[in-house]
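UniProt numbering applies: residue 1 is where the sequence shown begins, and numbers increase by one. Note that CB positions come from ideal geometry on N, CA and C, so glycine has one too. Source: prediction; values computed, not measured.
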Amino acid sequence: MTGRWPASGTSSVRMGGASSPDPQSCREPLCRRKRRAGGRPVQLKGGGATNESAPAGSSSAAQGTGIKMSALTRRAASSESASNLSDPDSLKKSRRELRLGDRVLVSGSKAGVVRFLGETDFAKGDWCGVELDEPLGKNDGAVAGARYFQCLPRFGLFAPVHKVTRIGFPCTTPTKAMRSGRRSMLRRSPSASSISSLSSATSSISGKPSRAGLLTETSARYARKISGTTALQEALKEKQQHIEQLLVERDLERCEVAKATSQAGEVQQELVLLRKGREQYAVEMEAKLDQLRSLVEAADRDKVELLNQLEEEKRKVEDLQFRVEEACITKGDLEVATVSERSRIMELEREVADLQLRLRASQQKEDAASLSQQQIGSLTSQVQAQEKKISELSVDLESKQKELQSVQKEKSSLEDLLSGLRQKLQVSEEESRRTAKAAEELEQSLERSKKERETQKEESRSRETDLRAQLTQAQEKTERSVQSVAQLTDEKKILEMELEALNQQNSKYQEELRVSKERSSSENHRIKVLCREIEELKLASHKHHHEHNEEQNCQQPDMKTRGSISSRDAETDFQTSTAGLISEKDRELEILRTEIEVLRGENAMTKTLQSAVETLEKDKAQLQGRVHSLEQRLMGTQGSEGEECEASSSGDAALQQLREEKEFAEGQINFLNSVIVDLQRKNEELKIKLKKLALAEFNGNDGNDGLSEGVPKREKKATPRIFCDICDCFDLHDTEDCPTQAQSPDSVPHSTYRGNPANERPYCDICEAFGHATESCNDDQTF
Numbered sequence: 001m002t003g004r005w006p007a008s009g010t011s012s013v014r015m016g017g018a019s020s021p022d023p024q025s026c027r028e029p030l031c032r033r034k035r036r037a038g039g040r041p042v043q044l045k046g047g048g049a050t051n052e053s054a055p056a057g058s059s060s061a062a063q064g065t066g067i068k069m070s071a072l073t074r075r076a077a078s079s080e081s082a083s084n085l086s087d088p089d090s091l092k093k094s095r096r097e098l099r100l101g102d103r104v105l106v107s108g109s110k111a112g113v114v115r116f117l118g119e120t121d122f123a124k125g126d127w128c129g130v131e132l133d134e135p136l137g138k139n140d141g142a143v144a145g146a147r148y149f150q151c152l153p154r155f156g157l158f159a160p161v162h163k164v165t166r167i168g169f170p171c172t173t174p175t176k177a178m179r180s181g182r183r184s185m186l187r188r189s190p191s192a193s194s195i196s197s198l199s200s201a202t203s204s205i206s207g208k209p210s211r212a213g214l215l216t217e218t219s220a221r222y223a224r225k226i227s228g229t230t231a232l233q234e235a236l237k238e239k240q241q242h243i244e245q246l247l248v249e250r251d252l253e254r255c256e257v258a259k260a261t262s263q264a265g266e267v268q269q270e271l272v273l274l275r276k277g278r279e280q281y282a283v284e285m286e287a288k289l290d291q292l293r294s295l296v297e298a299a300d301r302d303k304v305e306l307l308n309q310l311e312e313e314k315r316k317v318e319d320l321q322f323r324v325e326e327a328c329i330t331k332g333d334l335e336v337a338t339v340s341e342r343s344r345i346m347e348l349e350r351e352v353a354d355l356q357l358r359l360r361a362s363q364q365k366e367d368a369a370s371l372s373q374q375q376i377g378s379l380t381s382q383v384q385a386q387e388k389k390i391s392e393l394s395v396d397l398e399s400k401q402k403e404l405q406s407v408q409k410e411k412s413s414l415e416d417l418l419s420g421l422r423q424k425l426q427v428s429e430e431e432s433r434r435t436a437k438a439a440e441e442l443e444q445s446l447e448r449s450k451k452e453r454e455t456q457k458e459e460s461r462s463r464e465t466d467l468r469a470q471l472t473q474a475q476e477k478t479e480r481s482v483q484s485v486a487q488l489t490d491e492k493k494i495l496e497m498e499l500e501a502l503n504q505q506n507s508k509y510q511e512e513l514r515v516s517k518e519r520s521s522s523e524n525h526r527i528k529v530l531c532r533e534i535e536e537l538k539l540a541s542h543k544h545h546h547e548h549n550e551e552q553n554c555q556q557p558d559m560k561t562r563g564s565i566s567s568r569d570a571e572t573d574f575q576t577s578t579a580g581l582i583s584e585k586d587r588e589l590e591i592l593r594t595e596i597e598v599l600r601g602e603n604a605m606t607k608t609l610q611s612a613v614e615t616l617e618k619d620k621a622q623l624q625g626r627v628h629s630l631e632q633r634l635m636g637t638q639g640s641e642g643e644e645c646e647a648s649s650s651g652d653a654a655l656q657q658l659r660e661e662k663e664f665a666e667g668q669i670n671f672l673n674s675v676i677v678d679l680q681r682k683n684e685e686l687k688i689k690l691k692k693l694a695l696a697e698f699n700g701n702d703g704n705d706g707l708s709e710g711v712p713k714r715e716k717k718a719t720p721r722i723f724c725d726i727c728d729c730f731d732l733h734d735t736e737d738c739p740t741q742a743q744s745p746d747s748v749p750h751s752t753y754r755g756n757p758a759n760e761r762p763y764c765d766i767c768e769a770f771g772h773a774t775e776s777c778n779d780d781q782t783f
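Put into structure tokens, the structure is as follows:
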């Protein structure tokens, strides 16, 4: 598709045989001229709009002087026309993608979370209720007395679904690609709309009427160049605003990536802390279990020792009891023996007494002395032996009694020790039972902790798997970002080369502009010289006429009286011819004055172009600064390749920004080339015209040469009227500033439609809702 700058307001660019919209639709904003492809007309942003009021017959001059549209304009026009055809489908698809809880951007600048989706009472159509991150909203989720969701005051905002953009991690689905394509189309649309406004502005400037109309077309072209430069400056400002918006989106994506990275780091830290806590708890439980096991084993050993001591003491008591019983038996025997011995001793004493009596009696008998002495000796020895035996038995009895007493004492002490050992055994058995119970409880708790540890292990494995998957995705994104960074570096080098070429061309353009100014000043000087020559010719003509009259009066006084009638006729003819010549020279002088005014205007335009060139130099310096900042950002991106997703988002944004700036620089280069070529051609035309004027002065030719065609007027583009979709009225306030949805605790619900019910309500094909027409759709409406 090819296009031309409209020269006289009559040329237009059409697509697919679509008819040109009326001037009222041309005055609508860019966002209100989008149409669906179902047989409706499509307004191209890159070409000039058709002016229905242009007079016929003026297109021939415009066709010869039109300037070829730059590659940037053609790309913008083609992308705009293609995107306009697919806008409703993409809007419906994006509307279907929104879900409650999604992170979105409202009007490209306000971030928040979707809390409501559907129809509302305050306006028709599908609306999206968003809870903003900052208090930049207008309500708390309630509008006109009806509550749709709950949030803090001034954190709620309602906007049409097609004005809400979902944000998050970059994806490669077709929907995301379509959305990114729409964003790139929107990024290119300001320059296209500026070019469209450029054509309307140039036509409005070029519509000034001129008295002679000799060089009005040239001045109109200069005016179009000035307005084109202004439009390009406005497009540059719009580009900068869009770049700032993209930077905001990139910062938001970076914040989300950083938040996700910090959350992943926190999860990893929590996982490490859980692992450490689990290991420490397991170590503590193992230590406690080992301690309890050692206590149980010690208690068991004490119990066994106590049982052994108890058995040993029992054996000792039994031995003591046996010995006591034997001692008792021995004591009884000894007592019986003692009694029998005592009785025998008494008998022996009695026998001794009897023997003594007998001895006394026998002493009297001298005769039987020898026999009695032997009996007495034997009896005495027996008595002594019996006494000795009695003394031994008494000593043995005493010793047995002492031994019996010591055995009884030992028995009583052993009984006390046995009772103490029994008490210790009971206490030990009680402690053993308690220890066994505690050991059982500890085993149960250890079993539970083992189960919890297994559960935590499973959860940790699953989370570790998820984190590894996220890490793999981050590595893939990092690789893609590295590739993007390499491509960005190559494009940066190309852009630097183009900027260098732009500097050289700019210096060349300035030199040519200086030459053009010198030529313009020389042409002004020549015009002044021609004006002086015209005055001199007038004076010479009057002088010649006066001299001719005097000569006739001196040489033919008689003929004057005789042929007064013929001389009067000749004089009348001469005066008539002289008057015609003077009027013709006056017209030529007026034409020259008009040309002087035009040249002055062209001089002013030259100064304006010089200021525009200076502005472009400033823009070029800004672009160089942006290139430098992109280099620093690129180095920062290369330095932070270890970060997971930041490099990808920043690399994509920087790459897109470099591409846009490259396209914009190419457009500026093409535009400046066309301006320089046009200036050179106009200088040549001015030279030819001045030569023709000089020849006309001396040869009497017509100096117009058919260059005074009129240029039709072009109506100025009217500014769009403010319209509120809630109140359904013009010129009061915008939908975004509507007080209906503003936060007011004492507000009373009122009617949302103020139109006449009998009238047909306008319907928008973009929003798919009543309240406004498709041509007057406002993309910036929010609630």
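For residue j and residue i, believed in contact at Cβ under 8 Å, the rounded distance
| i | j | result |
| --- | --- | --- |
| L348 | Q386 | 6 Å |
| L295 | T478 | Between T478 and L295 the Cβ distance is about 57 Å, and since that is not below 8 Å, they are no contact. |
| F149 | R115 | 4 Å |
| S428 | K314 | Not really, about 17 Å apart at Cβ, beyond 8 Å. |
| residue 791 | L393 | There is simply no residue 791 to check, as the chain begins at 1 and stops at 783 in what is shown. |
| D416 | L334 | About 29 Å separates the two Cβ atoms, so there is no contact after all. |
| E523 | L679 | Incorrect: roughly 13 Å between the Cβ atoms, too far for contact. |
| I582 | K538 | 7 Å |
| L357 | L379 | Actually they are not in contact, since the Cβ atoms of L357 and L379 sit about 13 Å apart, beyond 8 Å. |
Spatial neighbours of residue i in its chain, beta-carbon cut-off 8 Å, leaving aside the 5 residues before and after
| i | result |
| --- | --- |
| L274 | Q456 and S460 |
| L732 | I722 and C724 |
| E431 | A299 |
| L100 | V114, R115, F116 and L117 |
| E464 | L271 |
CB contact flag (residue i, residue j, <8 Å)
| i | j | result |
| --- | --- | --- |
| P153 | C767 | no |
| L292 | A439 | yes |
| T338 | K400 | no |
| K163 | G771 | no |
| F122 | T740 | yes |
| E253 | R166 | no |
| T576 | H545 | no |
| L495 | E661 | yes |
| E491 | R626 | no |
| I226 | T608 | yes |
| L467 | V272 | no |
| Q309 | L421 | yes |
| V383 | V352 | yes |
Same chain, Cβ closer than 7 Å to residue i, five either side skipped, listed in chain order
| i | result |
| --- | --- |
| L592 | I527, L530, C531 and L693 |
| Q743 | Confidence at Q743 is low in this model, with a pLDDT of 49, below 50, so the placement of that residue is unreliable and no value is reported for it. |
| G703 | Low local confidence applies: a pLDDT of 41 at G703 is under 50, so the model's placement there is unreliable, with the coordinate-based value given in what follows. Answer for G703: E588, I591, K692, L693 and A696, listed in chain order. |
Close Cβ partners of residue i (< 6 Å) along its chain, the five nearest in sequence each way excluded
| i | result |
| --- | --- |
| C151 | E131, D140 and G141 |
| K656 | Sequence inspection shows Gln at residue 656; the Lys mentioned does not correspond to that position. For Q656, where only same-chain residues beyond five positions count, there are no Cβ hits under 6 Å. |
| C764 | H772, T774 and C777 |
| V317 | L414 |
| S391 | none |
| residue 793 | Coverage of the chain is limited to positions 1 through 783, which leaves residue 793 absent and any answer about it impossible. |
| K389 | none |
Any non-hydrogen atom of the ligand PLP closer than 7 Å to residue i Cβ
| i | result |
| --- | --- |
| E736 | The ligand PLP is not among the ligands present in this structure, which contains no ligands whatsoever. |
key: Residue ranges of each beta strand (DSSP E) within the region 484-534, 3 or longer   = none
message = Tell me whether the region 256-270 and the region 653-672 touch, counting them as touching only if at least three CB pairs, one residue from each stretch, are closer than 8 Å.
response = no
ask   = If you pair each beta-carbon of the region 393-411 with each one of the region 310-325, do three or more pairs fall below 8 Å?
value = Result yes; three or more Cβ-Cβ pairs closer than 8 Å.
query = Taking three-plus beta-carbon pairs below 8 Å as touching, is the region 106-119 in contact with the region 245-253?
reply = Yes: at least three Cβ pairs fall under 8 Å.
message = If contact is defined by three or more beta carbon pairs under 8 Å, each pair taking one atom from either stretch, is the region 279-292 in contact with the region 468-475?
response = no
The region 581-588 contacting the region 510-518, beta-carbon criterion three pairs below 8 Å = no
key: Given 8 Å, three or more beta-carbon pairs between the region 276-287 and the region 443-450   = yes
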